[in-house]
Amino acid sequence: MEFLSKFTLPGIGFILTLAFGFWVSHVGRPYNGVLFNVHKLIALGTVVLAAMQIYQWLKTAETQTLLIVLIVLAGVSVVALFASGALLSIGNVNYQVVKLIHNIAPILLVLAMGITLYLMSGKRI
């Protein structure tokens, strides 16, 4: 349980990022600058905190191939979220495709990180 407590702040950050993201999308276009920037900054801080925690754990633990694959999938999901969010804010793109990517990436991120945390906490699937 001590291990999982280290991911409480990134978890709260993820929930806040989702909440501000829904708020930004419901306010409509053009996006409210303050809400949009708060959403981006919380997301960035959450990614940094989670990456630091995972890095600290990987330095001391025995890694498994599945863990590495899941961490890479989570990283790709984060990059997809940042890129699609930037493209959505620009507005000169195929909105439906980019919005679909921006909606699917958090689901992949939650699945990848959930399984990763489960495995890192010492349990077996």
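To convert, take the position in the sequence shown, counting from 1, and add 287; that gives this note's numbering. All residues carry an ideal CB built from backbone N, CA and C; glycine is no exception. This structure is a prediction, so every number in the text was calculated from the model and none was measured.
Asked, Found
"Selected residue, minimal CA-CA separation from G401, among I388, L357, K386", "L357"
"Range covered by the alpha helix (DSSP H) that runs through T350", "T350 -> no alpha helix (DSSP H), and no H or E assigned at all."
"Residue from A367, K327, L296 whose Cα sits closest to the Cα of N390", "A367"
"Which listed residue (T403, T347, V334) has its alpha carbon closest to that of T304", "V334"
"Nearest residue (CA-CA) to A338, options A370, A348, F309, A361", "A361"
"Contacting residues, own chain, Cβ-Cβ under 7 Å from G308 (five flanking each side not counted)", "H326"
"Closest residue to L353 among I329, A370, T403 (Cα-Cα distance)", "T403"
"Cβ-Cβ separation, K293 to Q340 (assumed contact under 8 Å), whole Å", "5 Å"
"Under the three-state DSSP convention, the category V311 falls into", "helix"
"Element boundaries [alpha helix (DSSP H), containing K293]", "K293 -> no alpha helix (DSSP H), and no H or E assigned at all."
"Per-residue burial, I329 [other beta carbons within 10 Å of its own, 16 or more giving buried]", "buried"
"Reduced DSSP category for N379 - H, G, I as helix; E, B as strand; rest coil", "coil"
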